[in-house]
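Notes to accompany the following structure.
In this note's numbering, the protein residues as written are 4 to 285.
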């Protein structure tokens, strides 16, 4: 059986992958269909409907300004998923580029890149994100750049370790002996054989980026009101934990579900695609 077919069969039979795919797919579908799933404007203020409990026309209740919580949650999914996914694409691209340079060319490039990676990973991630986000100023662009520029260290290290192994393979040595230019050798022979662990790292990293975006928004350094963001919704709901607990519980549950789903996908992919990298891809 071909390796790709074998991996597909293992994934299809993995309950963790199926559960993760259903959770993530459900959230993504809900985000895409947000306008159709709720008839309420996520920014619409109606003080006559403030702090209504869940039920009836408002399945998840309303907030202190009369805004429908479900509608804000669905539209907030768009923001959280878009920032988490795009930020992870940026950090993965940077990490892959630097990891390939360090692993293939070695020497001075390897030393400089790895010391920069060590420096990046030495800082507590949340403190680093807070510092960078505060420097850029609270905005969606700032959150995207903060998460993208601060999250490439693990990927760079992972890719470097894979490249160090692949570059010593006989087929790479044969291609080098034939005089293939480095660019073609890298893109045709080296990089394709390192993509399995990168896919795993990317999947797990999306969950981390979504959680980090929610943390920044919770601290007031992410999406600014009145934009619906899960983190800012949770922060706003803290003031009403006793009188209206649904304001904080709804976004907190949404964050937990989507992060759990991405982690399930990442763990299943780690088992099926790159079992030898278990414990290193995150």
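Just so you know, even glycine gets a beta-carbon here, dropped at the ideal spot from N, CA and C.
Between residue i and residue j, which are expected to be in contact by the criterion C-beta below 8 Å, what is the C-beta distance as a whole number of angstroms?
i           : j           : result
residue 254 : residue 237 : 4 Å
residue 115 : residue 166 : Not confirmed; about 16 Å, so no contact.
residue 95  : residue 158 : 5 Å
residue 161 : residue 107 : No, residue 161 and residue 107 are not in contact; Cβ-Cβ is about 14 Å, not under 8 Å.
residue 222 : residue 133 : 7 Å
residue 268 : residue 24  : 6 Å
residue 12  : residue 276 : That belief does not hold up - the Cβ atoms of residue 12 and residue 276 are roughly 13 Å apart, past 8 Å.
residue 169 : residue 135 : Actually they are not in contact, since the Cβ atoms of residue 169 and residue 135 sit about 33 Å apart, beyond 8 Å.
residue 48  : residue 69  : 6 Å
residue 2   : residue 182 : The shown model of the chain, from 4 to 285, leaves out residue 2, and the question about it has no answer.
residue 138 : residue 224 : Rounded, the Cβ-Cβ distance is 10 Å, inconsistent with contact.
residue 243 : residue 250 : 5 Å
Restricting to Cα atoms, I'd like to know which of the options is closest to residue i.
i           : options             : result
residue 22  : 220, 264 and 270    : 264
residue 83  : 31, 201 and 26      : 31
residue 319 : 48, 36, 53 and 45   : One cannot answer for residue 319 here, as it falls past the ends of the chain, which runs 4 to 285.
residue 33  : 172, 260 and 81     : 81
residue 229 : 260, 177, 46 and 14 : 46
residue 143 : 89, 112 and 174     : 89
residue 119 : 153, 138 and 137    : 153
Mind checking residue i: buried by the 16 CB within 10 Å criterion, or exposed?
i           : result
residue 271 : buried
residue 20  : buried
residue 17  : buried
residue 28  : exposed
residue 163 : buried
residue 195 : exposed
residue 187 : exposed
residue 26  : buried
residue 257 : buried
residue 184 : exposed
residue 172 : exposed
residue 231 : buried
residue 55  : buried
residue 37  : buried
residue 110 : exposed
residue 99  : buried
Verify whether the separation of the beta carbon atoms of residue i and residue j is less than 8 Å.
i           : j           : result
residue 146 : residue 86  : yes
residue 215 : residue 266 : no
residue 41  : residue 67  : no
residue 220 : residue 240 : no
residue 117 : residue 105 : yes
residue 218 : residue 148 : no
residue 151 : residue 73  : no
residue 57  : residue 63  : yes
residue 203 : residue 273 : yes
residue 101 : residue 155 : yes
Q) If you scan the stretch 14 to 88 from start to end, which runs of the alpha helix (DSSP H) of 4 or more residues do you find wholly inside it? A) 18 to 35 and 37 to 40
Q.
Which runs of the alpha helix (DSSP H) at least 4 residues long sit entirely within the stretch 86 to 165? Give them in chain order.
A. 110 to 125, 128 to 139 and 143 to 153
(Q) List, from N- to C-terminal side, the beta strand (DSSP E) runs of 3 residues or more that fit wholly inside the stretch 212 to 281. (A) none
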